[in-house]
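Participant: UniProt numbering applies: residue 1 is where the sequence shown begins, and numbers increase by one.
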Amino acid sequence: GALANLSLYGGAENQEAMINRKVPSWLFPLAFHHDENIKYYACLAIVVLVANKEIEAEVIKSGTLNLVEPFVTSHNPSEFAKSNLAHAHGQSKHWLERLVPVLSSKREEARNLAAFHFCMEAGIKKEQGNTNIFKEIGAIEPLIRVASSPNAIASKFAAQALRLIGEEVPHKLSQQVPLWNTEDVREWVKQIGFTEYEQSFFDSKVDGDLLLQLTEENLHNDIGMTNGIRRKRFERELQNLKRMADYSSRDSDGMHTFLYRIAPEYTIYTYAMLNAGVELESIKDLDDDQLIAECNIKNSIHRSRILNAIKSNEIISTTSEKSTEKNLDVFVSYRRSNGSQLASLLKVHLELRGFSVFIDVERLEAGKFDNNLLQSIRHAKHFLLVLTQDALDRCIEDGEGKDWVHREIVAALNSDCNIIPIIDNFQWPEPERLPEDMRGVCHFNGVRWIHDYQDACVDKLERFMRAETNQRGSPMDHFRNLLNRPAGDSTPTTPTIYQRMHSNDSGKSSDKENRNYE
1 GALANLSLYG GAENQEAMIN RKVPSWLFPL AFHHDENIKY YACLAIVVLV
51 ANKEIEAEVI KSGTLNLVEP FVTSHNPSEF AKSNLAHAHG QSKHWLERLV
101 PVLSSKREEA RNLAAFHFCM EAGIKKEQGN TNIFKEIGAI EPLIRVASSP
151 NAIASKFAAQ ALRLIGEEVP HKLSQQVPLW NTEDVREWVK QIGFTEYEQS
201 FFDSKVDGDL LLQLTEENLH NDIGMTNGIR RKRFERELQN LKRMADYSSR
251 DSDGMHTFLY RIAPEYTIYT YAMLNAGVEL ESIKDLDDDQ LIAECNIKNS
301 IHRSRILNAI KSNEIISTTS EKSTEKNLDV FVSYRRSNGS QLASLLKVHL
351 ELRGFSVFID VERLEAGKFD NNLLQSIRHA KHFLLVLTQD ALDRCIEDGE
401 GKDWVHREIV AALNSDCNII PIIDNFQWPE PERLPEDMRG VCHFNGVRWI
451 HDYQDACVDK LERFMRAETN QRGSPMDHFR NLLNRPAGDS TPTTPTIYQR
501 MHSNDSGKSS DKENRNYE
């Protein structure tokens with residue numbers, strides 16, 4: 001709670017100091033905490049920080065922002081308010097007043113959590129008979145804007161807050177922008193502050209399909225937006241809408257996913273490419289002229305990056321070929337039930353030392369979870385296996401390869417990753433009890449994690465990674481390692497070399513929630 005208050009009350013200067021002291025990175029393990037209250041205030045602190053445009057890039061780099069959406073989608077505001085005495089009476093007027101600007105943040109995660117909190121506060125203040133506080137702090141108009149926006153999560157909480165305090169809920173816009181009718185477009189134009197043109201859009205019968213295809217020439221000649229600066233502002237809002245839109249009604253092939261994995265801002269080209277008839281199966285035949293003429297991609301740098309992604313075939317997740325390029329430093333594998341805290345700490349420690357780290361809370365596109373996750377392992381130089389108590393128990397007798405820790409280990413073995421077990425209160429099972437395709441993991445040097453000596457542990461881990469000396473050798477090399485290894489670091493003592501096997505990738509589970517980690 002202290003860091004959340006510091007974010008809210010400290011002002012821009014203190015927020016800058018928080019960035020300099022790497023606070024967003026250290027909020028990551030707090031947002032991963034088993035205590036829901038600690039987790040909530042860590043998320044709250046990070047969204048307040050990201051609302052400050054001057055430090056937004058540094059906040060995003062920490063990865064903590066990715067933990068906000070899983071929190072708000074897995075909690076009910078009313079139930080959360082009752083779960084802890086800290087929330088029982090709600091926050092003060094001045095505290096809430098400082099949170100109001102976050103409702104207008106350009107970042108979706110920030111709006112999501114701010115709307116969640118105001119929904120929680122609305123229930124509390126209603127019971128207290130103090131709903132007028134929301135008018136006094138100027139929260140009604142921002143809540144109305146969020147409630148009518150195409151942001152599915154934030155709009156739901158904002159609408160619920162408005163109902164609780166007795167305010168009218170506005171017209172709700174769907175994220176399926178291609179399916180909008182003329183009234184939806186008119187409402188959106190009004191929401192973004194272009195009320196003087198809403199009638200022109202309506203008279204021109206602009207629906208969602210046409211809105212996504214509008215050019216600057218259309219805005220000038222057909223809508224009558226003669227002021228060039230106004231057109232620039234409108235186009236900026238339209239770009240934001242294109243990034244937020246759900247194209248699933250048209251995009252059965254995964255074009256949005258392809259563009260998102262180049263960079264999120266490239267999703268603004270999704271609809272233009274779909275309308276041009278571009279399909280992933282034939283995308284390799286695209287050239288620069290077609291991207292300009294047919295897809296209306298004017299930015300030459302963007303065209304170049306798209307073509308490079310197509311040629312390298314690294315971004316397309318549907319490919320069956322295995323890329324051998326190692327462009328990620330570290331993949332962290334862990335058991336969710338008791339390994340998430342250590343996994344998150346490792347991520348922070350290593351990123352502060354300059355390593356790029358993937359941990360699976362970072363968002364993967366729906367429907368592509370299995371392949372994308374395994375692809376991340378293939379691209380990783382180092383595979384850190386967090387072994388907390390009983391971490392491999394579910395792998396025992398998992399002959400079908402359904403357990404995700406099992407599958408990740410097999411992928412790492414097959415991808416020549418430098419595997420480093422991180423051992424915390426863990427006892428290795430006998431190798432014979434594990435499935436044959438993962439037994440090879442028993443013969444890598446590990447680092448015993450001691451919480452009171454974290455820096456020393458990370459120093460040792462970094463030495464393993466910088467030198468990449470942890471690859472398996474001959475049985476005699478392994479025997480020497482066992483003799484020289486400190487107590488607690490050891491893996492099972494059977495010095496047998498096992499043949500690497502391919503995993504039984506059923507491909508059945510594509511939803512992160514179905515992942516067998518618990």
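Glycine is no exception: its CB is placed at the ideal position from the N, C-alpha and C atoms.
Should N484 be labelled buried (16 or more other beta-carbon atoms within 10 Å of its own) or exposed?
Facilitator: By 1-based counting over the sequence shown, the position of residue 484 is 484. Confidence at N484 is low in this model, with a pLDDT of 42, below 50, so the placement of that residue is unreliable and no value is reported for it.
Participant: Within the chosen definition, does the region 208–221 reach the region 267–276 through at least 3 CB pairs nearer than 8 Å?
Facilitator: They touch, by the three-pair rule.
Participant: According to DSSP, is N308 part of a helix, a strand, or is it coil?
Facilitator: As a working note, residue 308 is residue 308 in the sequence shown. N308 falls in the helix class under three-state DSSP.
Participant: Which residues share a DSSP beta bridge with P264?
Facilitator: Numbered from its first residue, the sequence shown carries residue 264 at position 264. Answer is none; P264 lacks a bridge partner.
Participant: According to the neighbour-count rule (16 or more other Cβ atoms, all chains shown, within 10 Å of its Cβ), is K106 buried or exposed?
Facilitator: Within the sequence shown, residue 106 is the residue found at index 106, counting from 1. Exposed, since its Cβ has fewer than 16 Cβ neighbours within 10 Å.
Participant: Per DSSP, what kind of secondary structure is N132 in: helix, strand or coil?
Facilitator: In the sequence shown, counting from the first residue as 1, residue 132 sits at position 132. Looking at N132 - three-state DSSP - the assignment turns out to be coil, as it is neither helix nor strand.
Participant: For E16, I'd like the list of residues in its chain whose CB is within less than 8 Å of its CB, leaving aside the five on either flank, ordered along the chain.
Facilitator: For the purposes of this step, residue 16 is taken as the residue at position 16 of the sequence shown. Excluding sequence neighbours, E16 sits near E54, I55.
Participant: For M232 and L65, what's the separation of their Cα atoms in angstroms?
Facilitator: Counted from its first residue, the sequence shown places residue 232 at position 232. Counted from its first residue, the sequence shown places residue 65 at position 65. The sequence shown places Lys at residue 232, rather than the Met named in the question. Computed Cα separation, rounded: 29 Å.
Participant: By DSSP, does A245 sit in helix, in strand, or in coil?
Facilitator: For the purposes of this step, residue 245 is taken as residue 245 along the sequence shown, with counting starting at 1. It is coil, neither helix nor strand.
Participant: Closest to I359 by C-alpha separation, out of A86, S337, L384, N338, would be which residue?
Facilitator: Along the sequence shown, one-based indexing puts residue 359 at 359. Of A86, S337, L384, N338, the residue nearest in Cα terms is L384.
Participant: What whole-angstrom Cβ distance do L352 and K22 have, given they're in contact under 8 Å?
Facilitator: Working through the sequence shown from its first residue, we reach residue 352 at position 352. Working through the sequence shown from its first residue, we reach residue 22 at position 22. Confirmed, about 6 Å.
Participant: What are the start and end residues of the alpha helix (DSSP H) that includes D329?
Facilitator: As a working note, residue 329 is residue 329 in the sequence shown. Segment 328–333 is the beta strand (DSSP E) holding D329; no alpha helix (DSSP H) there.
Participant: Looking at the unbroken alpha helix (DSSP H) that takes in H220, where does it start and where does it end?
Facilitator: On the sequence shown, residue 220 is found 220 positions in, with the first residue counted as 1. Segment 216–221, the alpha helix (DSSP H) holding H220.
Participant: Taking DSSP as the reference, what is the three-state secondary structure of I423?
Facilitator: Position 423 of the sequence shown, counted from the first residue, corresponds to residue 423. Three-state DSSP puts I423 in a strand.
Participant: Between the Cα of L238 and the Cα atoms of V177, S204, Y41, which residue gives the shortest distance?
Facilitator: By 1-based counting over the sequence shown, the position of residue 238 is 238. Considering only alpha carbons, the answer is V177.
Participant: Name the DSSP beta bridge partners of R448, please?
Facilitator: Position 448 of the sequence shown holds residue 448. DSSP output for R448 lists I423 as bridge partner(s).
Participant: To the nearest angstrom, how far is it from the Cα of K82 to the Cα of I262?
Facilitator: Counted from its first residue, the sequence shown places residue 82 at position 82. Counted from its first residue, the sequence shown places residue 262 at position 262. Straight-line Cα distance between these residues: approximately 42 Å.
Participant: Does DSSP put N14 in a helix, in a strand, or in coil?
Facilitator: Against the sequence shown, residue 14 aligns to sequence position 14. Residue state, collapsed to three classes: helix.
Participant: Going by DSSP in three states, L286 sits in which element: helix, strand or coil?
Facilitator: Taking the sequence shown and counting its residues from 1, one reaches residue 286 at position 286. Note: L286 maps to coil in three-state DSSP.
Participant: Can you give me the start and stop residues for the beta strand (DSSP E) that K381 sits inside?
Facilitator: Looking up residue 381 in the sequence shown gives position 381. Residues 380–387.
Participant: Classify G507 as helix, strand or coil using the three-state DSSP reduction.
Facilitator: Your numbering for residue 507 matches position 507 in the sequence shown. Model confidence at G507 stands at a pLDDT of 35, short of 50, so the residue's coordinates are unreliable; what they give is reported in the following sentence. G507: coil per DSSP, three-state reduction.
Participant: Considering I359, what are the terminal residues of the beta strand (DSSP E) in which it resides?
Facilitator: Working through the sequence shown from its first residue, we reach residue 359 at position 359. First-last of the beta strand (DSSP E) with I359: 357–359.
Participant: Just to confirm, is the Cβ distance from R230 to Q191 under 9 Å?
Facilitator: Against the sequence shown, residue 230 aligns to sequence position 230. Against the sequence shown, residue 191 aligns to sequence position 191. No.
Participant: Pull up the CB-CB distance for E216 and E235, whole angstroms please, since I reckon it's below 8 Å.
Facilitator: Start at 1 with the first residue of the sequence shown, and residue 216 comes out as number 216. Start at 1 with the first residue of the sequence shown, and residue 235 comes out as number 235. The pair is a contact, with the Cβ atoms about 7 Å apart (cut-off 8 Å).
Participant: Cutting at 6 Å between CB atoms, please list the residues of its own chain near L8, excluding the five before and the five after it.
Facilitator: On the sequence shown, position 8 is the one that residue 8 refers to. Hits under 6 Å: V48, R98.
Participant: For N299, which of helix, strand or coil comes out of DSSP?
Facilitator: The sequence position of residue 299 within the sequence shown is 299, counting from 1. DSSP places N299 in coil when its eight states are reduced to three.
Participant: Only counting the same chain, and skipping five residues up and downstream in sequence, which positions put a Cβ closer than 6 Å to that of I19?
Facilitator: Translated into the one-based positions of the sequence shown, residue 19 becomes position 19. For I19, where only same-chain residues beyond five positions count, the Cβ hits under 6 Å are I55, E58.
Participant: Do you know whose CA, among N132, P421, F194, N52, lies nearest E167's CA?
Facilitator: Locating residue 167 in the sequence shown gives position 167, counting from the first residue. Comparing Cα positions, the closest option is N132.
Participant: Could you check if N112 is buried or exposed, using at least 16 other CB atoms within 10 Å of its CB as the buried criterion?
Facilitator: Position 112 of the sequence shown, counted from the first residue, corresponds to residue 112. The residue is buried, with at least 16 neighbouring Cβ atoms inside 10 Å.
Participant: Considering Cα atoms alone, identify which of L164, N84, Y197, G277 is closest to N227.
Facilitator: As a first step, residue 227 is located in the sequence shown; it is residue number 227 there, counting from the start. Closest option to N227, Cα to Cα, is Y197.
Participant: Buried or exposed for L85, please, with buried defined as at least 16 other CB atoms from any protein chain shown within 10 angstroms of its CB.
Facilitator: Position 85 of the sequence shown holds residue 85. It counts as exposed.
Participant: Report the CB separation of K460 from N418 in whole angstroms; it is logged as a contact under 8 Å.
Facilitator: Reading the sequence shown from its first residue, position 460 is the one you call residue 460. Reading the sequence shown from its first residue, position 418 is the one you call residue 418. At roughly 14 Å, the Cβ-Cβ gap does not stay under 8 Å, so K460 and N418 are not in contact.
Participant: Can you say whether D424 is buried or exposed, counting buried as having 16 or more other CB atoms within 10 angstroms of its CB?
Facilitator: Position 424 of the sequence shown holds residue 424. Per the 10 Å Cβ criterion, buried.
Participant: Using a Cβ-Cβ cutoff of less than 7 Å, which residues in the same chain neighbour H171 once the five nearest sequence positions on both sides are dropped?
Facilitator: For the purposes of this step, residue 171 is taken as the residue at position 171 of the sequence shown. These residues qualify, in order along the chain: S148, E187.
Participant: Report all residues from its chain with a CB closer than 7 Å to the CB of A45; omit the five preceding and five following residues, and keep chain order.
Facilitator: Against the sequence shown, residue 45 aligns to sequence position 45. Cβ within range, chain order: L3, A4, S7, L27.
Participant: Just to confirm my understanding: we take I315, look at its own chain, exclude 5 residues before and 5 after, and list those with CB closer than 7 Å. What are they?
Facilitator: On the sequence shown, position 315 is the one that residue 315 refers to. For I315, the predicted model reports a pLDDT of 43, less than 50, meaning its position is unreliable; a value from the coordinates is still stated below. These residues qualify, in order along the chain: F258, R261, I262, A309.
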